[in-house]
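Undergrad:
There are 2 protein chains.
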Amino acid sequence: MSDIPSAVRISEEGPREGFQIEKGPIPTTRKIELIDALSRTGIDHMQIVSFVNPKAVPGMADADEVVEGIAPRPGVEYTALWLNERGFERALMHDRLALAGSITLVASEKFSKRNQNRTAAEQLAGQHTIVEKYKAAGVPVERGMVMAAFGCNFEGDVPVSRVVSLVQQILDVAKQHGVTLKYITLADTMAWANPLSIKRVVGTLRERWPDVDFALHLHDTRGMAVANAFAGLEMGVKRFDAAVAGLGGCPFAGHAGAAGNICTEDLVFMCNEMGIKTGIDLDELIACAKLAEDIVGHPLPGAVMKGGTLQKYRA
Amino acid sequence: MSDIPSAVRISEEGPREGFQIEKGPIPTTRKIELIDALSRTGIDHMQIVSFVNPKAVPGMADADEVVEGIAPRPGVEYTALWLNERGFERALMHDRLALAGSITLVASEKFSKRNQNRTAAEQLAGQHTIVEKYKAAGVPVERGMVMAAFGCNFEGDVPVSRVVSLVQQILDVAKQHGVTLKYITLADTMAWANPLSIKRVVGTLRERWPDVDFALHLHDTRGMAVANAFAGLEMGVKRFDAAVAGLGGCPFAGHAGAAGNICTEDLVFMCNEMGIKTGIDLDELIACAKLAEDIVGHPLPGAVMKGGTLQKYRA
Numbered sequence: 091m092s093d094i095p096s097a098v099r100i101s102e103e104g105p106r107e108g109f110q111i112e113k114g115p116i117p118t119t120r121k122i123e124l125i126d127a128l129s130r131t132g133i134d135h136m137q138i139v140s141f142v143n144p145k146a147v148p149g150m151a152d153a154d155e156v157v158e159g160i161a162p163r164p165g166v167e168y169t170a171l172w173l174n175e176r177g178f179e180r181a182l183m184h185d186r187l188a189l190a191g192s193i194t195l196v197a198s199e200k201f202s203k204r205n206q207n208r209t210a211a212e213q214l215a216g217q218h219t220i221v222e223k224y225k226a227a228g229v230p231v232e233r234g235m236v237m238a239a240f241g242c243n244f245e246g247d248v249p250v251s252r253v254v255s256l257v258q259q260i261l262d263v264a265k266q267h268g269v270t271l272k273y274i275t276l277a278d279t280m281a282w283a284n285p286l287s288i289k290r291v292v293g294t295l296r297e298r299w300p301d302v303d304f305a306l307h308l309h310d311t312r313g314m315a316v317a318n319a320f321a322g323l324e325m326g327v328k329r330f331d332a333a334v335a336g337l338g339g340c341p342f343a344g345h346a347g348a349a350g351n352i353c354t355e356d357l358v359f360m361c362n363e364m365g366i367k368t369g370i371d372l373d374e375l376i377a378c379a380k381l382a383e384d385i386v387g388h389p390l391p392g393a394v395m396k397g398g399t400l401q402k403y404r405a
Numbered sequence: 091m092s093d094i095p096s097a098v099r100i101s102e103e104g105p106r107e108g109f110q111i112e113k114g115p116i117p118t119t120r121k122i123e124l125i126d127a128l129s130r131t132g133i134d135h136m137q138i139v140s141f142v143n144p145k146a147v148p149g150m151a152d153a154d155e156v157v158e159g160i161a162p163r164p165g166v167e168y169t170a171l172w173l174n175e176r177g178f179e180r181a182l183m184h185d186r187l188a189l190a191g192s193i194t195l196v197a198s199e200k201f202s203k204r205n206q207n208r209t210a211a212e213q214l215a216g217q218h219t220i221v222e223k224y225k226a227a228g229v230p231v232e233r234g235m236v237m238a239a240f241g242c243n244f245e246g247d248v249p250v251s252r253v254v255s256l257v258q259q260i261l262d263v264a265k266q267h268g269v270t271l272k273y274i275t276l277a278d279t280m281a282w283a284n285p286l287s288i289k290r291v292v293g294t295l296r297e298r299w300p301d302v303d304f305a306l307h308l309h310d311t312r313g314m315a316v317a318n319a320f321a322g323l324e325m326g327v328k329r330f331d332a333a334v335a336g337l338g339g340c341p342f343a344g345h346a347g348a349a350g351n352i353c354t355e356d357l358v359f360m361c362n363e364m365g366i367k368t369g370i371d372l373d374e375l376i377a378c379a380k381l382a383e384d385i386v387g388h389p390l391p392g393a394v395m396k397g398g399t400l401q402k403y404r405a
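Read top to bottom, the protein sequences are chains V and H. So the first sequence is numbered by the numbering used here: it starts at 91 and just counts up by one. So the second sequence is numbered by the numbering used here: it starts at 91 and just counts up by one.
1) Give me the DSSP bridge partner(s) of Val196 (chain V).
2) When you compare each of V:Ser202, V:Glu155, V:Ala210 and V:Ala226 to Ala190 (chain V) by their alpha carbons, which one comes out closest?
3) Using a Cβ-Cβ cut-off of less than 7 Å, list which residues of the stretch 357–369 of chain H approach chain V; keep chain order.
4) Can you tell me which of the three DSSP states Val394 (chain V) falls into?
5) Could you compute how far the alpha carbon of Thr169 (chain V) sits from the alpha carbon of Val139 (chain V)?
6) Does the distance from the CB of Ile288 (chain V) to the CB of Gly234 (chain V) come in under 7 Å?
7) Does the beta carbon of Arg296 (chain V) sit closer than 7 Å to a beta carbon anywhere in chain H?
8) With a cut-off of 8 Å on the beta carbons, I'd call Arg204 (chain H) and Phe244 (chain H) a contact; round off their distance for me.
9) Closer than 8 Å between beta carbons: that is the criterion. Which residues of the stretch 298–312 of chain H meet it against chain V?
10) Phe320 (chain V) versus chain H: which residues are under 8 Å apart at the beta carbon?
11) Return the CA-CA distance between Ala277 (chain H) and Glu102 (chain H), expressed in angstroms with no decimal places.
12) Between Tyr224 (chain H) and chain V, is the shortest Cβ-Cβ distance under 7 Å, so that the two count as touching?
13) Do Lys380 (chain H) and Met395 (chain H) have their C-beta atoms closer together than 7 Å?
14) Go through its chain and collect everything with a Cβ distance to Gln259 (chain H)'s Cβ below 7 Å, but skip five positions before and after it.
15) Classify Gly246 (chain H) as helix, strand or coil using the three-state DSSP reduction.
16) Short of 9 Å Cβ to Cβ, which residues in the stretch 138–151 of chain H face chain V?
17) Of all Cβ atoms in chain H, is any one closer than 7 Å to the Cβ of Asn205 (chain V)?
18) Does the beta carbon of Val394 (chain H) come closer than 7 Å to any beta carbon on chain V?
19) Could you have a look at Glu167 (chain V) and say whether DSSP puts it in helix, strand or coil?
20) Taking Cβ to Cβ, would you say Gly392 (chain V) is nearer than 7 Å to Gly336 (chain V)?
21) For Ala211 (chain V), name the three-state secondary structure that DSSP assigns.
22) Under a three-way DSSP split, which group does Ile100 (chain V) fall into?
23) Look at the alpha carbon of Val98 (chain H) and the alpha carbon of Gly132 (chain H), and state the distance between them as a whole number of angstroms.
24) Would Asn351 (chain V) pass as an interface residue toward chain H - the criterion being a Cβ-Cβ separation below 7 Å?
25) Taking DSSP as the reference, what is the three-state secondary structure of Asp331 (chain V)?
26) Nearest-angstrom Cα distance between Ala333 (chain V) and Lys367 (chain V)?
27) May I have the straight-line CA-CA distance separating His345 (chain V) from Thr399 (chain H), to the nearest angstrom?
28) Span of the beta strand (DSSP E) holding Ala277 (chain H)?
29) Please classify Thr275 (chain H) as buried or exposed, where buried requires at least 16 neighbouring CB atoms within 10 angstroms.
30) Using Cβ-Cβ distances below 8 Å, what residues of the stretch 263–291 of chain H are close to chain V?
31) Can you give me the Cβ contacts of Pro167 (chain H) inside the same chain, cut-off strictly under 8 Å, excluding the 5 residues immediately before and after it?
32) Can you tell which of H:Val253, H:Leu261, H:Ala305 and H:Gly159 has its C-alpha closest to the C-alpha of Pro95 (chain H)?
33) Could you please give me the residues that DSSP links to Cys378 (chain H) through a beta bridge?
34) Please state the DSSP three-state secondary structure of Ala305 (chain V).
35) Figure out for me which residue from V:Gly159, V:Pro144, V:Asp93 and V:Glu107 has the closest Cα to the Cα of Glu123 (chain V).
36) Alpha carbon to alpha carbon, what distance is there between Arg120 (chain V) and Asp384 (chain V)?
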């Protein structure tokens, strides 16, 4: 158990993950209300919007207004997602965003075709192009990302060897363009991971690249997210994406029971109970989870916000 | 990872855990419908009713009718819960029940007082009495049980040393009365466990009693149940209680968001994905989970019944 880290860094993705999939319409002011509340919990990294085609994702049509409407809190990095050049250019308009580029590959070509209409080869070529665009715009390239790293609804199980190959490609792209990645995120985009596959994939990657920091982006569609996070912690993973109240899901994933990301407050609760520091105030985060439920107008999957923490019993 | 078992035995407790806490009233025929459907999934051990005071637990007032109404399936053991002599006598009336006695101690005296109005000393004394009653009635005493083994809403954290002491007391009672326990269940009655406390407690007990089979009874109030089960599997635990769809909860636990037991189909899904045999047909079990939702008339917490399995994507 000695690989379990003493502290983890959680990137909050609830506003982006959640508001892009909720039917809504959700007033811009309420999105801003949640983001500002989250910024007071100790969360220091938050993806708040995506700059995507408003026809495809109407819930993000007000992305510019959301970014301009928040009250930026010192010490908090507000980031955004974009999927193409047009989205990147919109993001560049906002000084208050801490933009950072990613080198992103999808472990499933069928998903890549469906999600971004690109073959694997086109996608790899595109990464070379976009890294140069980031450099030209003065945007640091900090993160690598393997999407669908554990399986795909359109292609099935993803062999570990393919993930190894994609991580190698990501590192090669970074090297060729002279950028140093801070970490590489393995995204369980369609909730195919189980705790043993997490251990197998992370273990294989760590053995090959002991100095690379691997992060996990987990979805809870099949109830495995917290167990998968624990398996990741056991393998020394120190960075997680998460979404308050379990907001979110993937509109392209092709299944009905659109479950969201791993729930931030459930992850923080587990870390607290196991003595792992997160820097996040759990009570304030639970208040945000209840606010998120109020904003979307229906129950959200988070457990700790319903069951409560253990602190009042210990007091 | 070598301690992970190749097969586990899951005891289904949904009918008893669920129908005792649901407001209802749920027609007796529908309870029977669920039990009979569950008996066709491959589940071979099922706790279907509790014989308790109908004034305290109105949902179990029809326990005798439920037992008489089911269509017993060969190979399935149908069991019942009782909390006192009167309940035990009612259980004895039913030949179709596979009665087995337990030696049960509660790791929290305050909870014991509240739940059964007994001090720890009275409870231990009571176990001596009841084992003799079981023997006189020809009922095998097969299971030891430590309730609130990981913490208690009324007493707080439970030290591992207390669990060790209670397991010793249980084994002593068994020895004094010449009975051999098949296993000892550690119940996380009020959802205080986390994956590391599971490992710590099970690890300590296994080290001291390498030949005793320890089982886990987990609640999901704070979203930790599947992760806790995984931690248990990593420590070699081969027996779990679970409840279809996540039915259930504890009416005495003193918190509002009464979450249920670990969800059977989510546990079976995790086992399937990790290559651990359960003997249970997951698709049929998911159909039972949906039936359970229909019977109680509100959403239940199970994830896989909403998100679906991965088999259709692999086919």
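Heads up, the beta-carbon is just placed ideally off N, CA and C, and yes, glycines get one too. It should be emphasised that the depicted structure is a prediction, and the values quoted were computed from it without experimental measurement.
TA: This is what the structure holds:
1) To locate residue 196 (chain V), count along the first sequence from 1; it is residue 106. Answer is V:Met237, bridged to Val196 (chain V).
2) Walking along the first sequence from the start, residue 190 (chain V) turns up at place 100. For the residues V:Ser202, V:Glu155, V:Ala210 and V:Ala226, the minimum Cα distance to Ala190 (chain V) belongs to V:Ala226.
3) Listed by position, the residues of the stretch 357–369 of chain H near chain V (Cβ gap below 7 Å) are Phe359, Met360, Glu363 and Met364.
4) Within the first sequence, numbered from 1, the residue matching residue 394 (chain V) stands at position 304. Val394 (chain V): helix per DSSP, three-state reduction.
5) Sequence index remark: in the first sequence, residue 169 (chain V) carries index 79 (1-based). Sequence index remark: in the first sequence, residue 139 (chain V) carries index 49 (1-based). Rounded to the nearest whole angstrom, the CA to CA distance from Thr169 (chain V) to Val139 (chain V) is 8 Å.
6) Locating residue 288 (chain V) in the first sequence gives position 198, where the first residue counts as 1. Locating residue 234 (chain V) in the first sequence gives position 144, where the first residue counts as 1. Contact flag unset, no.
7) Residue 296 (chain V) sits at position 206 when you count from the first residue of the first sequence. Output row for Arg296 (chain V): interface = no.
8) For the purposes of this step, residue 204 (chain H) is taken as the residue at position 114 of the second sequence. For the purposes of this step, residue 244 (chain H) is taken as the residue at position 154 of the second sequence. In this structure, Arg204 (chain H) and Phe244 (chain H) form a Cβ contact; the two beta carbons are roughly 6 Å apart against a cut-off of 8 Å.
9) Using a CB distance below 8 Å, the part of the stretch 298–312 of chain H facing chain V consists of Asp310, Thr311 and Arg312, ordered along the chain.
10) As a position in the first sequence, residue 320 (chain V) is number 230, starting the count at 1. Chain H residues near Phe320 (chain V): Pro285, Ala317, Phe320 and Ala321.
11) Along the second sequence, read from residue 1 onward, the residue named residue 277 (chain H) stands at position 187. Along the second sequence, read from residue 1 onward, the residue named residue 102 (chain H) stands at position 12. CA-to-CA, the gap between Ala277 (chain H) and Glu102 (chain H) works out to about 15 Å.
12) Looking up residue 224 (chain H) in the second sequence gives position 134. Not one beta carbon of chain V lies nearer than 7 Å to the beta carbon of Tyr224 (chain H).
13) Start at 1 with the first residue of the second sequence, and residue 380 (chain H) comes out as number 290. Start at 1 with the first residue of the second sequence, and residue 395 (chain H) comes out as number 305. With a cutoff of 7 Å on beta-carbon distance, Lys380 (chain H) and Met395 (chain H) are scored as near each other.
14) Sequence index remark: in the second sequence, residue 259 (chain H) carries index 169 (1-based). Here the set comprises Leu195 and Leu214.
15) Position 156 of the second sequence, counted from the first residue, corresponds to residue 246 (chain H). The answer is strand: DSSP assigns Gly246 (chain H) an E or B state.
16) Contact annotation: in the stretch 138–151 of chain H, no residue has its CB less than 9 Å from a CB in chain V.
17) If you number the first sequence from 1, residue 205 (chain V) lands on position 115. False, the Cβ-Cβ gap to chain H never drops below 7 Å.
18) Start at 1 with the first residue of the second sequence, and residue 394 (chain H) comes out as number 304. It does: the Cβ of Val394 (chain H) has a partner Cβ on chain V nearer than 7 Å.
19) Reading the first sequence from its first residue, position 77 is the one you call residue 167 (chain V). DSSP places Glu167 (chain V) in strand when its eight states are reduced to three.
20) Counting from one through the first sequence, the residue named residue 392 (chain V) turns up at place 302. Counting from one through the first sequence, the residue named residue 336 (chain V) turns up at place 246. Note that the C-beta distance between Gly392 (chain V) and Gly336 (chain V) is below 7 Å.
21) As a position in the first sequence, residue 211 (chain V) is number 121, starting the count at 1. DSSP places Ala211 (chain V) in helix when its eight states are reduced to three.
22) The residue labelled residue 100 (chain V) in the question sits at position 10 within the first sequence. Reduced to three states, the DSSP call for Ile100 (chain V) is strand.
23) Counting from 1 along the second sequence, the entry for residue 98 (chain H) is found at position 8. Counting from 1 along the second sequence, the entry for residue 132 (chain H) is found at position 42. About 13 Å.
24) Along the first sequence, one-based indexing puts residue 351 (chain V) at 261. Not an interface residue.
25) Your numbering for residue 331 (chain V) matches position 241 in the first sequence. Strand at Asp331 (chain V).
26) The sequence position of residue 333 (chain V) within the first sequence is 243, counting from 1. The sequence position of residue 367 (chain V) within the first sequence is 277, counting from 1. Distance between Ala333 (chain V) and Lys367 (chain V), taken at the CA atoms: about 18 Å.
27) Along the first sequence, one-based indexing puts residue 345 (chain V) at 255. Along the second sequence, one-based indexing puts residue 399 (chain H) at 309. Because the pLDDT at His345 (chain V) is just 39, under 50, the model does not fix this residue reliably, and the point stays unresolved.
28) Taking the first residue of the second sequence as position 1, residue 277 (chain H) is located at position 187. Tyr273 to Ala277 is the span of the beta strand (DSSP E), which, as asked, contains Ala277 (chain H).
29) Against the second sequence, residue 275 (chain H) aligns to sequence position 185. Thr275 (chain H) is buried by the Cβ-count criterion.
30) Of all residues in the stretch 263–291 of chain H, only Ala281, Trp282, Asn284, Pro285, Leu286, Ser287 and Lys289 place a beta-carbon less than 8 Å from a beta-carbon of chain V.
31) Residue 167 (chain H) sits at position 77 when you count from the first residue of the second sequence. Looking at the sequence shown, residue 167 (chain H) is not Pro but Glu. Non-local beta-carbon contacts of Glu167 (chain H) in its own chain, meaning distances under 8 Å to residues more than five positions away in sequence, involve Asp134, His135, Met136 and Ala188 in chain order.
32) Position 5 of the second sequence, counted from the first residue, corresponds to residue 95 (chain H). Nearest neighbour of Pro95 (chain H) by Cα position, chosen from H:Val253, H:Leu261, H:Ala305 and H:Gly159, turns out to be H:Ala305.
33) Locating residue 378 (chain H) in the second sequence gives position 288, where the first residue counts as 1. For Cys378 (chain H), which the question treats as bridged, DSSP gives no partner whatsoever.
34) For the purposes of this step, residue 305 (chain V) is identified with residue 215 of the first sequence, where counting begins at 1. Looking at Ala305 (chain V) - three-state DSSP - the assignment turns out to be strand.
35) As a position in the first sequence, residue 123 (chain V) is number 33, starting the count at 1. The candidate whose alpha carbon is nearest that of Glu123 (chain V) is V:Gly159.
36) Against the first sequence, residue 384 (chain V) aligns to sequence position 294. Against the first sequence, residue 120 (chain V) aligns to sequence position 30. Straight-line Cα distance between these residues: approximately 10 Å.
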